[in-house]
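Here the structure is laid out as structure tokens; the discussion comes afterwards.
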Amino acid sequence: MFDILNKYKDQGHFFLTPENNLQSVSNAPTDKGGVFIIYALKKGRVEMIYIGHSGKLEKDGSFSNKMEGLNDEIVNANQFGKTPAHIAWKKQMIRENIEALNIYWYVTYDAEHKDCPDVLKKNLLRQHQDIFGTFPKWNKSV
């Protein structure tokens with residue numbers, strides 16, 4: 001769906017089940033910014049449910065991360081209020097009867113690419129909205 005992500009060579013994914021520890025299964029980099037997309041696996045179906053990012057460009061052109069890279073954003077950023085993702089996602093998976101999350105991550109700002117993760121996330125959300133008429137269900141807005 002998002003062909004633009006194919007250009008990023010530094011990418012990967014991992015699975016999270018309600019029984020897993022997110023800190024243990026995440027293989028996202030701790031020192032790089034980018035975007036991540038979460039797919040829910042439920043009753044043999046796959047649904048994109050969240051698009052997130054780590055890092056942004058400051059007004060002076062420098063890159064900054066409020067968290068410590070993609071891994072920290074995925075594991076510790078607040079979700080569904082003020083609950084860290086490693087707790088919130090597992091609870092939400094149980095509430096929604098989600099069997100597993102397939103979490104894809106892409107480094108978009110490095111020596112090879114200088115694509116702002118914040119801007120790219122907004123573009124991906126708009127593409128999703130154009131196709132499906134709404135944002136992924138775990139995203140509130142752009």
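Counting in the UniProt record's numbering, the sequence shown runs from 1 upward without gaps. Heads up, the beta-carbon is just placed ideally off N, CA and C, and yes, glycines get one too.
Start-to-end residues for the beta strand (DSSP E) that takes in residue i
| i | result |
| --- | --- |
| PHE80 | First-last for PHE80: undefined, no H or E at that position. |
| LYS121 | Taken as a continuous stretch (DSSP letters only), LYS121 belongs to no beta strand (DSSP E), being part of the alpha helix (DSSP H) at 117-132. |
| SER62 | Taken as a continuous stretch (DSSP letters only), SER62 belongs to no beta strand (DSSP E), as it is neither H nor E. |
| ASN102 | 100-109 |
Outcome for residue i when other beta-carbon atoms lying within 10 angstroms are tallied against a minimum of 16
| i | result |
| --- | --- |
| LYS32 | buried |
Inter-residue spacing [alpha-carbon to alpha-carbon] between residue i and residue j
| i | j | result |
| --- | --- | --- |
| THR30 | ASP72 | 6 Å |
| ASN46 | LEU101 | For the record, residue 46 in the displayed sequence is Val; it is not Asn. Their backbone Cα atoms lie some 9 Å apart in a straight line. |
| LYS122 | ASN139 | 11 Å |
Where residue i sits in the DSSP three-state scheme
| i | result |
| --- | --- |
| GLY69 | helix |
| HIS13 | strand |
Boundaries (first-last residue) of the alpha helix (DSSP H) holding residue i
| i | result |
| --- | --- |
| SER24 | 22-25 |
Taking 8 Å as the threshold, find out whether the stretch 33-53 comes into contact with the stretch 121-140 through three or more Cβ pairs. yes
Can we say the stretch 93-101 touches the stretch 23-32, given the rule of at least three CB pairs closer than 8 Å? no
Under 8 Å: do the stretch 6-14 and the stretch 105-115 share three or more Cβ pairs, one atom per stretch? yes
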